[in-house]
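Asker: Numbering (this note's numbering), first residue to last: 4 to 123.
1) Thinking C-alpha only, which one of 122, 120, 112 and 118 is nearest residue 27?
2) When DSSP labels each residue in this structure, what does residue 33 get in the three-state scheme?
3) Please determine, among 6, 11, 8 and 15, the residue with the shortest C-alpha to C-alpha distance to residue 73.
4) Taking the alpha-carbon of residue 48 as reference, which of 122, 108, 99 and 92 has the nearest alpha-carbon?
5) In whole angstroms, give me the CA-to-CA distance for residue 101 and residue 62.
6) Three-state secondary structure (DSSP) at residue 98?
7) Please classify residue 20: is it buried, with 16 or more other beta-carbons within 10 angstroms of its beta-carbon, or exposed?
8) Roughly how many angstroms separate the alpha carbons of residue 119 and residue 99, rounded to a whole number?
9) Taking 6 Å as the limit between beta carbons, can you name the residues of its chain near residue 78, skipping five residues before and five after?
10) Of all the options 24, 41 and 106, which has the alpha carbon lying nearest to the alpha carbon of residue 83?
11) Is residue 85 buried or exposed, if buried means 16 or more other CB atoms sit within 10 Å of its CB?
12) Using the rule of at least 16 other Cβ atoms within 10 Å of the residue's Cβ for burial, across every protein chain shown, is residue 70 buried or exposed?
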């Protein structure tokens with residue numbers, strides 16, 4: 004039985020979006036880095052772009068305490084929207100309402116339906 008497809012939004016800045024397009028991959032954040040609070044993997048969320056940059060940044064980086072800087076620095080200016088089987092992801096919901104998906108391996112764009120959106 005095939006797994007249900009879910010909307011996976013991977014937010015990033017302009018230069019990283021260009022690099023993802025160039026390589027055709029979204030590479031995992033490493034557990035030793037500041038963004039990988041759940042360990043190594045590609046991070047995403049089901050929070051869509053129309054939720055607004057503030058809500059997106061709070062959802063994605065509130066646990067690190069620097070969501071204001073992330074928003075101001077362009078980390079939510081672009082989003083890769085992919086449809087990914089839920090069984091390829093680990094979903095995490097926190098006590099304060101944050102929601103994240105973790106994909107343990109690099110994401111090869113050619114494996115999924117996707118589009119790139121400049122977040123208004």
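Ideal placement from N, C-alpha and C gives every residue a C-beta, glycine not left out.
In this text the structure is predicted, and so the values were computed from the model without any measurement.
Answerer: Taking the coordinates as given:
1) 112
2) coil
3) 15
4) 92
5) 5 Å
6) coil
7) buried
8) 29 Å
9) 16
10) 24
11) buried
12) buried
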